[in-house]
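Sequential numbering of the sequence shown, starting at 5, is according to our numbering.
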Amino acid sequence: MAQLNDNYLKLKAGYLFPEIGRRVKAFCDANPDAAKRLIRCGIGDVTEPLPPAVIAAMHKAVDEMASRETFHGYGPEQGYEWLRAAIAQNDFRDRSCDVADDEIFVSDGTKCDTGNVLDILGAKNKIAISDPVYPVYVDTNVMAGHTGEANEAGTYAKLVYLPCKPINGFIPEPPKKHVDVIYLCSPNNPTGAAANRPQLEAWVKYAIEHKSVILFDAAYEAYISDEPDTGASSSPKSLSQLLRLGKRQGHVTYDDVNGAFPDLPPEKLNEVLTKFQQEKINLIEGTKADSSSNRLPHSIYEILGARECAIEFRSCSKNGGFTGVRCAFTVVPKSLNAQTKSGEFKPLHPLWLRRTTTKFNGVSYIVQRGAEALYSQEGKAQVRGLIEHYLGNAKVLRDGAKKAGLKVFGGVNAPYIWVRAPKSVTSWQAFDKILNEANVVITPGSGFGSKGEGYFRISAFNSRANAEDVARRLQELKW
Ligand code: MLT
Numbered sequence: 005m006a007q008l009n010d011n012y013l014k015l016k017a018g019y020l021f022p023e024i025g026r027r028v029k030a031f032c033d034a035n036p037d038a039a040k041r042l043i044r045c046g047i048g049d050v051t052e053p054l055p056p057a058v059i060a061a062m063h064k065a066v067d068e069m070a071s072r073e074t075f076h077g078y079g080p081e082q083g084y085e086w087l088r089a090a091i092a093q094n095d096f097r098d099r100s101c102d103v104a105d106d107e108i109f110v111s112d113g114t115k116c117d118t119g120n121v122l123d124i125l126g127a128k129n130k131i132a133i134s135d136p137v138y139p140v141y142v143d144t145n146v147m148a149g150h151t152g153e154a155n156e157a158g159t160y161a162k163l164v165y166l167p168c169k170p171i172n173g174f175i176p177e178p179p180k181k182h183v184d185v186i187y188l189c190s191p192n193n194p195t196g197a198a199a200n201r202p203q204l205e206a207w208v209k210y211a212i213e214h215k216s217v218i219l220f221d222a223a224y225e226a227y228i229s230d231e232p233d234t235g236a237s238s239s240p241k242s243l244s245q246l247l248r249l250g251k252r253q254g255h256v257t258y259d260d261v262n263g264a265f266p267d268l269p270p271e272k273l274n275e276v277l278t279k280f281q282q283e284k285i286n287l288i289e290g291t292k293a294d295s296s297s298n299r300l301p302h303s304i305y306e307i308l309g310a311r312e313c314a315i316e317f318r319s320c321s322k323n324g325g326f327t328g329v330r331c332a333f334t335v336v337p338k339s340l341n342a343q344t345k346s347g348e349f350k351p352l353h354p355l356w357l358r359r360t361t362t363k364f365n366g367v368s369y370i371v372q373r374g375a376e377a378l379y380s381q382e383g384k385a386q387v388r389g390l391i392e393h394y395l396g397n398a399k400v401l402r403d404g405a406k407k408a409g410l411k412v413f414g415g416v417n418a419p420y421i422w423v424r425a426p427k428s429v430t431s432w433q434a435f436d437k438i439l440n441e442a443n444v445v446i447t448p449g450s451g452f453g454s455k456g457e458g459y460f461r462i463s464a465f466n467s468r469a470n471a472e473d474v475a476r477r478l479q480e481l482k483w
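Here's what the structure looks like:
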């Protein structure tokens, strides 16, 4: 008799978003009037039309398919060279990240890639996953048999959970114990938190020391508003500002110190240096703090050493509005190695290439031409317009939730607002109340892991009018 994959039987309930869809459908069937005013801020699905540059490129590509001379059949499984080159140049080399064209693998989605990557990793790896987290990372590991059973809270045995809470700004710290594979997502889904340079540096350092692989999901990188992460873009003006800068960067320069204290008497200088020592801040030669080092990294490859320990996932869904078009890509550096059973280190790049060419026939020519247009001058400006629209919604929703008396996180460098439900209200209770009384769909935080309990996520993917309406309705709720 044929046997099924028992691991699937360990999965808790349905995948989060279909489960929400089921509950929303039941509500709408039972309440047709309320259904008419329903606003969906649950799944992070874009609402605005594709950028005109993409539409034009895709129309042109469709026309090419109409004639024998310009028709395209199967393309390269890993993506057309012109798209891989545009990605590597614009998303990486223009940001001083050393990524070659043939390290880019074009695919039909980050969801698929973060699941499929397990094909090229061994079955015995110790896996670390943030909590709360995008559920795909956990569920695909369950399906692959990398976990034990789940407990009542949905926590699986054998996974190492990295708690993300207000105290760590929802950015996980490297664990004390050894792990082999680490999932990081920044800007984060669901919490909206974005990791700064020292936080990513700590992870890369850990991964190199432990010979681990970081799976870095940067699907939301376009939402990084490129503001310095602590507002310290100007030169530090006081000791506390210097210390803040030093803690963030691990160092300050002599010029920073001179800028903050132009006429520093020697005894004061000694006091400053002692403070640096206590805080483990190095004082280095160099000009004023490079404002780019204050900026939030868009890619893990902005961190020295990441090419030796990280795979990065990117998507055209949330920047170019491709959720229904499907195009994404994964970066596998040729310098990234992992261990064989016999203890040898071998590169992962050929394995991912082999997997891709065996199990995938590539993204359609028409879609890849559309994705290429995202990197044209007009395409870039139009994408910026979309991001500003959704970030504008995020601000409206943040402000609305705050005025409603709720504690609010995220929504600044990400299209998600992470909201603390009032005391003793569970995530699903908040979901039901907001659905029934405000006729708004949100996502219950507990669906992202046990540490998400008591929170809910509001997606900013919507029209401005709907975002404003949701902000108003949240303020009308009595908890
Ligand atoms: C979400 O709502 O978390 C995302 O839209 C799901 C996804 O991108 O697959």
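Don't be surprised by glycine CBs; every beta carbon is placed ideally from N, CA and C.
Residues N417 of the same chain have their beta carbon placed closer than 6 Å to that of S229, with the five preceding and five following residues left out of the count.
Counting along the chain, P351 sits inside the beta strand (DSSP E) bounded by residues 349-351. From the listed residues A469, A375, E81, the smallest Cα separation to H393 is found for A469. In the same chain as T51, and ignoring 5 residues on each side of it, the C-beta atoms closer than 7 Å to its own belong to F465, N466, S467, in chain order. By DSSP's assignment, H255 forms a beta bridge with N286. I43 has its alpha-carbon roughly 11 Å from the corresponding atom of V28. DSSP places I212 in the uninterrupted alpha helix (DSSP H) bounded by 201-214. Just so you know, the alpha carbons of P167 and Y305 end up roughly 24 Å apart.
The alpha-carbon separation between N94 and L15 amounts to approximately 39 Å. For V137, the shortest C-beta to heavy atom distance toward ligand 1 is 8 Å or greater.
Comparing alpha carbon positions, the residue from F317, P337, R318, N286 closest to G309 is P337. Per DSSP, Q372 has no beta-bridge partner at all.
Proximity to M62 across I438, I218, A375, Q381 peaks at A375, based on C-alpha coordinates. The continuous stretches of beta strand (DSSP E) do not include A425, and DSSP gives it neither H nor E. At least one heavy atom of ligand 1 falls within 8 Å of the beta-carbon of D49. The C-beta distance from V423 to A405 rounds to 5 Å, short enough to fall under 8 Å. Out of S134, A377, A211, K115, the CA that lies nearest to the CA of A332 is found in K115.
Taking each of L13, E225, F31 in turn and checking the Cα distance to I391, the smallest one comes out for E225. Within the same chain, and ignoring the five residues on either side of V121 in sequence, the residues whose Cβ sits closer than 7 Å to its Cβ are L219, I315. Relative to the Cα of A223, the nearest Cα in the group V183, E85, T334 belongs to T334. Setting aside the 5 residues that flank it on each side, L478 is surrounded in the same chain by G404, A405, A408, A442, each with a C-beta closer than 7 Å to its C-beta; the list follows chain order. Between the region 424-442 and the region 450-460, the count of C-beta pairs closer than 8 Å reaches three or more; the two stretches touch. Within the region 19-85, the complete alpha helix (DSSP H) segments at least 4 residues long are 20-34, 36-40, 56-68, listed from N- to C-terminus. Rounded to whole angstroms, the Cβ separation of E23 and A30 is 11 Å, and the two are not in contact under 8 Å.
Contact between L125 and V164 is ruled out by a C-beta separation of about 15 Å, above the 8 Å threshold.
Apart from sequence neighbours up to five positions away, the residues of its chain that approach I108 with a beta-carbon distance below 7 Å are G83, R88, I91, A92, F333, V335, ordered along the chain.
At a threshold of 8 Å, F435 does not count as near ligand 1, since its beta carbon sits no closer than that to any of the ligand's heavy atoms. Per DSSP, reduced to three states, the secondary structure at N417 is coil, with no helix or strand assignment. If you check the C-beta of N193 against ligand 1, you find a heavy atom less than 8 Å away. For the pair of segments examined, the region 152-161 was found not to touch the region 170-186: the number of CB pairs separated by less than 8 Å stays below three. For E316, the enclosing beta strand (DSSP E) begins and ends at 314-319. Annotation for A34 indicates a beta carbon at 8 Å or more from all heavy atoms of ligand 1. Residue environment analysis places D67 among the exposed positions, since fewer than 16 neighbouring C-beta atoms fall within 10 angstroms of its C-beta. For A223, the Cβ falls inside the 8 Å cut-off from some heavy atom of ligand 1.
Each of L20, T362, P55, K384 was checked against the Cα of V142, and the nearest Cα belongs to L20.
When the alpha-carbon of V400 is set against those of R388, G389, G415, the nearest one is in G415.
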